[in-house]
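See structure below.
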Amino acid sequence: MEQPHLPLQAASGLVLGSPRRVLGEKRADIQLNSFGFYTNGSLEVELSLLRLSLQETEDKFPKVGFSLSRVRSGSVRSYSSRNSHECPLERNSSNFLVLFLINIKDLQVQVRKYGEQKLFISPGLLPEAPSQSGPPKPDPTGTPKDNHVIHPSPKKMSAVKEDQAKLTVPQVSGDKALPAGHRHSSDGQPQSQPPTRGPSGKEKDLVLGLGHLNDSYNFSFHIVIGSRAEEGQYSLNFHNCYNTIPGQEQPFDLTVMIREKNPEGFLSAAEIPLFKLYLIMSACFLAAGIFWVSVLCKNTYSVFKIHWLMAALAFTKSVSLLFHSINYYFINSQGHPIEGLAVMHYITHLLKGALLFITIALIGSGWAFVKYMLSDKEKKIFGIVIPLQVLANVAYIVIESREEGASDYGLWKEILFLVDLICCGAILFPVVWSIRHLQDASGTDGKVAVNLAKLKLFRHYYVMVICYIYFTRIIAILLRVAVPFQWQWLYQLLVESSTLAFFVLTGYKFQPAGDNPYLQLPQQEDEEDVQMEQVMTDSGFREGLSKVNKTASGRELL
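If you count by this note's numbering, then the sequence shown holds residues 1 to 558, one letter each, in order.
Following this line, the structure appears as structure tokens:
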């Protein structure tokens, strides 16, 4: 019933650092990524291809570029409330921290900062980590790796080399000589430098070089989080304001590589604790499954097939969480999951989802407990809900394997969430039908006490299912939006804890025990026994005798 939560790198279906391609796009805004950064976390962006279908314009202000904004949580877009016909690059918005304005005429990228911040922005990508142990070789120029920036003019490249030969401080990128925002030490870690300011005391804008090859443009940059005040959830978006006018959209191609990293690994701040969380919850479900099997072995005469189905569900859930935990470990340490383990996680997740719906629906319908045949209405529910839930889980995995910036990415996620809610509501129908059946039968078949006990148990189970759906769907989503970025893992904690509590309560309510009213099967001769008992009592023939009645096992006295 719960959807698989995948790491950002795994959710995009890409190995860390692999390019993301958007071809023939006509949207004006594309949300490329969202990531939670701690201090000294880094964001690297390499635009390797930008192909625009533009006619000659006289616009003085660039209408194409990137925006970096800090949002309250990863599920909220920073520009969702603005006018769809308004270009976000042309206004001073408090939502944006940094704008990268692409000027295709002058072949440069203007970096514009807003507010007081300590984000270190430099051209090029960060140096690769050394493959051998020991201190890395120092960079003789003391500048970041800048081999991905294509400079527009050989004359300006010669000027850069002359400046480097003289060991001067300014860095050159594109058309202007700019002060170094920060340098790199011999170990590859950024070292902050006081930014150069103009005569008025205001920090000068950084300008990056924009490469032009054939009909495409390219450049690269990296950002380092400089202080605790800058920690947060950051969203990187691409804007093409030429497509904000309806009916005048022009397709464009975009290929960009995005690489994020925190000091502790490649996971976002909210995902770092999930490795330990899933490992602990896997152990809890395994312990619950072992305990449940021990209970079944002690009460062999009152055990039904559905009891073993419940045990299989607990063990499948434990294995699924174990594979999920292992995936997070390798993503955090290596930047990508192990393919075989990821496939095993998907398989066990699909199997767990199907078993969960089947178990809840069978318990609600009373199958194997009070009857061995399902009604036509219950068969229709099973025939629709179970395949639909399996297909929804498969579709969710396929959607998550696509790029986050795809045009239909958000739409399909909302559709699948709605389908999941419909499935959750549909499995409540067998429980409601059973409650109505017991209400009607309690006053007609002469077994008022037993039916009322079953009715009470069904009502408790109905409330349990409602609470489970409510906590794992509504409350969990509200919690994810409300908490700060570094505490968003509480969403997964609430979901898994609610699932464990639901499993434990269901096992307690329907445990194999002789005095459980749910496990007392109705007998065909019950009506005849009631009538015969009345006759024998009136005649005094049963004085000093006791009645033996068959239960589910046929071996217990009432």
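Beta carbons are placed, not taken as given, at the ideal position from N, Cα and C, and that holds for glycine.
Quiz item: Buried or exposed: which applies to R20, given that a residue is buried once 16 or more other Cβ atoms fall within 10 Å of its Cβ?
Solution: buried
Quiz item: Are the Cβ atoms of E230 and L119 separated by less than 8 Å?
Solution: A contact, by the Cβ cut-off of 8 Å.
Exercise. May I ask you to list the residues that DSSP assigns as paired with N33?
Key: Beta-bridge analysis with DSSP links N33 to L236.
Quiz item: Which two residues bound the contiguous alpha helix (DSSP H) that contains L296?
Solution: L274 to K298
Exercise. May I ask you to list the residues that DSSP assigns as paired with I474?
Key: Per DSSP, none; premise fails for I474.
Exercise. Look at the alpha carbon of G232 and the alpha carbon of L68, and state the distance between them as a whole number of angstroms.
Key: In this structure, the alpha-carbon of G232 lies about 12 Å from that of L68.
Quiz prompt | Rounded distance between the beta-carbons of S42 and L126, thought under 8 Å | solution = L126 to S42, Cβ: 6 Å. Contact.
Exercise. Measure from the alpha carbon of I360 to the alpha carbon of each residue in C423, V64, A476 and W487, then state which is nearest.
Key: C423
Self-check item: Endpoints, beta strand (DSSP E) assigned at K261
Solution: F252 to K261
Exercise. Pick helix, strand or coil for H345, following the three-state DSSP scheme.
Key: If DSSP states are grouped into helix, strand and coil, H345 belongs with the helices.
Quiz prompt | Helix, strand or coil at N103 according to DSSP, with G and I counted as helix | solution = strand
Quiz item: How big is the Cα-Cα spacing for L374 and S365?
Solution: 7 Å
Quiz item: When we look at the beta-carbon of R436 and count the other beta-carbons within 10 Å, is it buried (16 or more) or exposed?
Solution: exposed
Exercise. Return yes when the Cβ of L321 is within less than 8 Å of the Cβ of M281, no when it is not.
Key: yes
Quiz item: Would DSSP call I223 helix, strand or coil?
Solution: strand
Practice problem: Can you tell me the Cβ-Cβ gap for S220 and L47, rounded? I've got them flagged as a contact below 8 Å. | Solution: 7 Å
Quiz item: Counting Cβ pairs closer than 8 Å, one from the region 381 to 388 and one from the region 327 to 345, do we hit at least three?
Solution: no
Exercise. Keeping to the same chain, check which residues put their C-beta closer than 7 Å to that of P263; ignore five residues upstream and five downstream.
Key: Y38, N40 and G41
Quiz prompt | Residue nearest to L468 in terms of C-alpha spacing, selected from V483, L494, G335 and L455 | solution = In the sequence under discussion, the amino acid at residue 468 is Tyr, which differs from the Leu named in the question. That would be L494, whose Cα lies nearest to the Cα of Y468.
Quiz item: From Q31 to D253, what does the alpha carbon distance come to, in whole angstroms?
Solution: 15 Å
Quiz item: L296 and A311: beta carbons closer than 8 Å?
Solution: yes
Practice problem: Return helix, strand or coil for K113, following the three-state DSSP convention. | Solution: Strand, per DSSP.
Practice problem: Classify R436 as helix, strand or coil using the three-state DSSP reduction. | Solution: helix
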